[in-house]
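Visitor:
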Amino acid sequence: MIPAPFTYRRAWSVEEAVELVAHDGEDAKFLAGGHSLLPLMKLRLAVPQTLVDIGRLTELSYIRDEGDHIAVGAATTHGELAASSLLAEQLPLLAHVAGQIGDPQVRHCGTIGGSLAHADPAADLPAVVLALDATVVARGPAGRREIAAADFFRGLFETALEPAELLTEIRIAKPGAPGWAFQKFTKRAIDWAIVGVVVQGGRVALVNMGQTPVRAAAVEAALADGASAQQAAAHAAEGTSPPEDLTAGRAYREHLARVLVRRALVDAQGRT
Ligand SMILES: Cc1cc2nc3c(=O)[nH]c(=O)nc-3n(C[C@H](O)[C@H](O)[C@H](O)COP(=O)(O)OP(=O)(O)OC[C@H]3O[C@@H](n4cnc5c(N)ncnc54)[C@H](O)[C@@H]3O)c2cc1C
């Protein structure tokens with residue numbers, strides 16, 4: 001449980017962070033809260049030669065009202081999201097989900113940028129940004145670009161980020177349609193979701209039902225056609241490819257998805 005040796009560097013600006021990682025190429029990684037990367041390094045599933053610590057970049061830690069959208073800095077922690085009065089008022093789904101992640105220590109260190117960049121299909125925030133149709137802002141050696149959440153998650157632990165690209169901000173349009181809900185089924189309170197469901201208006205995203213977070217397109221189409229929560233939820237597993245692991249098999253996850261989508265849709269209807 002001891003990581004392989006690595007060089008530690010602290011970045012004091014976004015530009016410096018990008019420069020340091022670009023300089024060391026594929027062998028360098030950004031370090032944010034360390035709550036996904038360090039466990040992988042201890043297991044030697046990740047062996048970066050250089051870690052560039054972005055944990056003190058206060059310029060990446062904010063939650064701002066930008067009029068038509070909310071802007072969240074990538075280094076904002078789950079705890080800060082959960083405690084934000086701005087989010088409680090404007091985007092309660094994001095604050096609520098952040099407050100359900102792990103335990104207080106994880107929420108104190110883990111960041112939204114780290115969670116999205118890590119792209120674990122069992123993580124909660126990737127499904128939230130997908131359901132909210134968010135935009136991810138990245139800065140790299142080639143400059144700044146914006147990536148739609150729908151294009152960001154490419155595969156298992158794989159995103160559209162280039163190796164030296166730093167995720168800097170998440171932009172989320174203020175929800176037009178009311179009604180939100182989050183359902184997370186876990187073995188123990190602090191665990192990752194066996195299956196999770198995020199609802200905002202008529203948009204539904206699933207946690208741990210494929211190699212990436214997925215939109216429940218068949219459920220959304222049924223809702224748009226006027227189906228009830230029960231009728232729409234019957235389509236929850238369509239188009240998904242849930243993992244088989246020690247915790248749950250495919251059929252169990254498909255069943256859970258139908259049950260949790262129904263519960264989430266009913267909850268969301270109660271919040272309109
Ligand atoms: C006990 C435990 C329980 C947990 N439970 C949950 C849970 O219930 N739900 C859940 O969703 N998550 C859970 N997590 C994961 C937690 O949310 C992590 O903190 C998060 O996934 C990663 O964020 P981080 O800031 O710690 O990233 P790090 O571990 O520092 O980095 C993760 C990866 O992202 C890259 N990275 C980090 N920041 C950036 C950036 N700004 N731009 C580009 N790349 C970047 C790193 O190079 C690394 O590859 C849990 C973790 C633990 C240890």
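With the working numbering as the guide, the letters of the sequence shown map in order to residues 1 to 272.
Yeah, the Cβ is synthetic: ideal placement off N, Cα and C, and Gly gets one too.
(1) Quick check on the DSSP output: the beta strand (DSSP E) that includes residue 206 runs from which residue to which?
(2) Given this structure, state the Cα-to-Cα distance separating residue 8 from residue 225, to the nearest angstrom.
(3) Please return the same chain residues whose Cβ sits closer than 7 Å to the Cβ of residue 272, not counting the five positions on each side in sequence.
(4) Roughly how many angstroms lie between the CA atoms of residue 256 and residue 123, to the nearest whole one?
(5) Would residue 141 and residue 25 be called neighbours here (beta carbons separated by less than 8 Å)?
(6) Assess, as a yes-or-no matter, whether the stretch 103-122 is touched by the stretch 34-47 under the definition of 3 or more beta carbon pairs within less than 8 Å.
(7) Please work out which residues of its chain come closer than 6 Å, Cβ to Cβ, to residue 241, disregarding the five sequence neighbours upstream and downstream, and give them in chain order.
(8) In the DSSP assignment, find the alpha helix (DSSP H) that holds residue 165 and state where it starts and stops.
(9) Just mark residue 144 as buried or exposed, buried being the case when its beta carbon has 16 or more other beta carbons within 10 Å.
(10) Quick one: is residue 244 buried, meaning 16 or more other Cβ sit within 10 Å of its Cβ, or exposed?
(11) Measuring CB to CB, does residue 21 end up less than 8 Å from residue 139?
(12) Is it buried or exposed, residue 213, if we count other Cβ atoms within 10 angstroms and call 16 or more buried?
(13) Have a look at the DSSP bridge pairing and note the partners of residue 53.
(14) Quick check: residue 71 and residue 84, are their CB atoms within less than 8 Å of each other?
(15) Between residue 170 and ligand 1, is the CB less than 7 Å from at least one heavy atom?
(16) Name the DSSP beta bridge partners of residue 143, please?
(17) Taking 7 Å as the cut-off, is the CB of residue 85 close to at least one heavy atom of ligand 1?
(18) Could you have a look at residue 135 and say whether DSSP puts it in helix, strand or coil?
(19) Would you kindly check if the distance between the Cβ of residue 93 and the Cβ of residue 128 is under 8 Å?
(20) Taking 7 Å as the cut-off, is the C-beta of residue 216 nearer than that to any heavy atom in ligand 1?
(21) Say the cut is 7 Å; is the CB of residue 135 nearer than that to a heavy atom of ligand 1?
(22) Give a yes or no on whether the C-beta atoms belonging to residue 137 and residue 149 are separated by under 8 Å.
(23) Can you give the beta carbon distance from residue 232 to residue 222, rounded, assuming they're within the 8 Å contact cut?
(24) Measuring from the CB of residue 349, is there a heavy atom of ligand 1 at a distance below 7 Å?
(25) Using alpha carbons as the reference points, say which of 100, 102, 69 lies closest to residue 86.
(26) Just reading off the alpha helix (DSSP H) that residue 267 is part of, what are its end residues?
(27) Taking the alpha carbon of residue 168 as the point to measure from, which residue in 188, 247, 62 has its own alpha carbon closest?
(28) Tell whether a beta-carbon distance below 8 Å holds between residue 134 and residue 172.
Guide: This is what the structure holds:
(1) Segment 203-207, the beta strand (DSSP E) holding residue 206.
(2) Cα to Cα, the separation comes out at about 54 Å.
(3) Once the five neighbours on either side are set aside, the close Cβ partners of residue 272 are 178, 179.
(4) Straight-line Cα distance between these residues: approximately 17 Å.
(5) With contacts defined by Cβ atoms closer than 8 Å, residue 141 and residue 25 do not form a contacting pair.
(6) Remark: three or more beta-carbon pairs, one from each stretch, lie closer than 8 Å, so the stretch 34-47 and the stretch 103-122 are flagged as touching.
(7) Result list for residue 241: 210, in chain order.
(8) Where residue 165 is concerned, there is no enclosing alpha helix (DSSP H), given that its DSSP letter is neither H nor E.
(9) Exposed is the call here.
(10) With fewer than 16 other CB atoms across the displayed protein chains lying within 10 angstroms of its CB, residue 244 is exposed.
(11) When the beta-carbon positions are compared, residue 21 and residue 139 stay at least 8 Å from each other.
(12) Buried, because 16 or more other Cβ atoms sit within 10 Å of the Cβ of residue 213.
(13) Residue 53 is bridged by DSSP to 10, 31.
(14) Their beta carbons are not under 8 Å apart, which means residue 71 does not touch residue 84 by this criterion.
(15) The closest heavy atom of ligand 1 lies 7 Å or more from the beta carbon of residue 170.
(16) DSSP lists 140 as partners of residue 143.
(17) No, Cβ of residue 85 sits at least 7 Å from all heavy atoms of ligand 1.
(18) Residue 135: strand per DSSP, three-state reduction.
(19) Judged by their CB atoms, residue 128 and residue 93 are nearer to each other than the 8 Å cut-off.
(20) Not under cutoff, so the answer is no.
(21) Flag unset: Cβ of residue 135 not near ligand 1.
(22) Using a Cβ distance threshold of 8 Å, residue 137 and residue 149 do not count as a contacting pair.
(23) Contact flag correct, Cβ pair sits at about 4 Å.
(24) Limits of the chain in this structure are 1 at one end and 272 at the other, which puts residue 349 out of reach.
(25) Residue 86 has its Cα closest to that of 69, out of 100, 102, 69.
(26) Bounds of the alpha helix (DSSP H) holding residue 267 are 250-269.
(27) When 188, 247, 62 are compared, the shortest CA-CA separation from residue 168 is found for 62.
(28) Going by beta carbons, residue 134 and residue 172 fall inside the 8 Å limit.
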